[in-house]
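Here the sequence shown is numbered in numbering that gives the first Met the number 0, starting from 0 and rising by one per residue.
Idealized CB from N, CA, C, for every residue including glycine.
To keep things clear, I will list the structure first and then write my remarks on it.
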Amino acid sequence: MGLTTQQLISWKQQGRPIVALTAWDYAFAQLLDKAGVDIILVGDSLAMVALGYETTLPVTLDEMLYHAAAVRRGVKRALVVCDLPFLSYQESISQAIHAAGRVLKETGVQGVKLEGGHPASLETVARLSDIGIPVMGHVGLTPQSVHRLGYRQQGNTEAEAERILSEAIALSEAGAFAVVLEHIPANLARIITTKLPIPTIGIGAGGDCDGQVLVTADLLGLSEKKPPFAKSYLNLREIVIGAVNDFSQEVRERKFPESDQL
Ligand code: KIV
Ligand code: NA
């Protein structure tokens, strides 16, 4: 058995930071798990980084299931969480139960993430948690609302900050096991982190969250463009293009294969 939501909640009390990254296929999931990542998120950002869409909106539940199953096959230790994609859970509680149920039953991942802390989503989080489905919340910049919010930082007026704080508290009270704080002021993220009994996982939310998450394509330098708060630890695009150029040149100069590679 790998990491559990209960263990991750206890890490918060111990002050032990939680490392989270996204994955969309077996190969990368296996590498992240071997490297000791604690939470592997099958984020709907895969719509952009793996499927070439402009936003996260077009990805379907069936596509998320396909990717989540592949990720799950690569993971032994990490807790695997799958995003519920846009409009797979907002219509009704029964739609959300159906979608989250399919995610757990058909892929074997241990939890789902859904965006928003408004009253309807709180009810959904409470029902899913009651059923036994671990839910991760997500407040601040919620990319499924890009057409309303844009990609700008959230919570920089007092009213907005108050709203985001109360959404995070309400998500925790509804039974969420963790909450992602995306692109909000560090100060606000610190206050939320202090007030919640469950871990906060930050992205563009400063250094005082209980854990941090990045989109793995951004971390590796695989994305064409990345948000301002993401950090690349590698330029994988350059490395891959270089290797492909080397191969191409050797083919064109008839240097590959060499006789011992026949
Ligand atoms: O889809 C995603 O990758 C996410 C993380 C950035 C939290 O939701
Ligand atoms: Na997401």
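Below 8 Å on the Cβ atoms is my contact criterion, and I expect residue i with residue j to pass it. Report the Cβ-Cβ distance as a whole number of Å.
i           : j           : result
residue 48  : residue 216 : 4 Å
residue 212 : residue 86  : Not confirmed; about 23 Å, so no contact.
residue 173 : residue 7   : Going by Cβ atoms, the distance from residue 173 to residue 7 rounds to 17 Å, so no, they are not a contact pair.
residue 64  : residue 102 : 7 Å
residue 135 : residue 179 : 6 Å
residue 67  : residue 108 : 5 Å
residue 110 : residue 4   : 7 Å
residue 169 : residue 116 : 6 Å
residue 204 : residue 185 : 7 Å
residue 221 : residue 236 : 6 Å
Spell out the partners DSSP gives residue i in its beta bridges.
i           : result
residue 122 : The partner list for residue 122 (beta bridge, DSSP) is empty, contrary to what the question assumes.
residue 137 : 179
residue 19  : 38, 212
residue 78  : 38
For the alpha helix (DSSP H) containing residue i, name the first residue and the last one.
i           : result
residue 190 : 185 to 194
residue 12  : 4 to 13
residue 102 : 92 to 106
residue 157 : 157 to 173
residue 146 : 145 to 148
residue 46  : 45 to 48
With respect to the beta strand (DSSP E) encompassing residue i, which residues constitute its N-terminal and C-terminal limits?
i           : result
residue 64  : Not the beta strand (DSSP E): residue 64 falls in the alpha helix (DSSP H), residues 60 to 72.
residue 245 : No beta strand (DSSP E) contains residue 245, which is instead part of the alpha helix (DSSP H) from 235 to 251.
residue 31  : That residue, residue 31, is in no beta strand (DSSP E); its alpha helix (DSSP H) goes 25 to 33.
residue 202 : 199 to 202
residue 206 : Unbroken run through residue 206: none, as it is neither H nor E.
residue 112 : 110 to 112
Does the ligand NA have even one heavy atom less than 8 Å from the beta-carbon of residue i?
i           : result
residue 217 : no
residue 42  : yes
residue 97  : no
residue 66  : no
residue 283 : Lying before the first or after the last residue shown, residue 283 is absent from the chain, which here runs from 0 to 261.
residue 137 : yes
residue 53  : no
residue 172 : no
At a cut-off of 8 Å, would you count residue i as near the ligand KIV, judging by its Cβ distance to the nearest heavy atom?
i           : result
residue 45  : yes
residue 159 : no
residue 230 : no
residue 82  : yes
residue 112 : yes
residue 21  : yes
residue 191 : no
residue 145 : no
residue 214 : yes
residue 181 : yes
residue 200 : yes
With a threshold of 9 Å between beta carbons, is residue i in contact with chain B?
i           : result
residue 230 : This model lacks chain B altogether; it includes just one protein chain.
*Check whether the segment 57 to 70 touches the segment 152 to 162, taking contact to mean three or more Cβ pairs, one atom from each stretch, closer than 8 Å.*
With contact defined as three or more Cβ pairs closer than 8 Å, the segment 57 to 70 and the segment 152 to 162 are not in contact.
*Using 8 Å as the threshold, is the segment 77 to 84 in touch with the segment 21 to 38, meaning 3 or more CB pairs across them?*
Yes: at least three Cβ pairs fall under 8 Å.
*Evaluate the contact criterion for the segment 141 to 149 versus the segment 190 to 209: three or more CB pairs, one atom per stretch, below 8 Å.*
Contact between the segment 141 to 149 and the segment 190 to 209 is absent, because fewer than three Cβ pairs lie under 8 Å.
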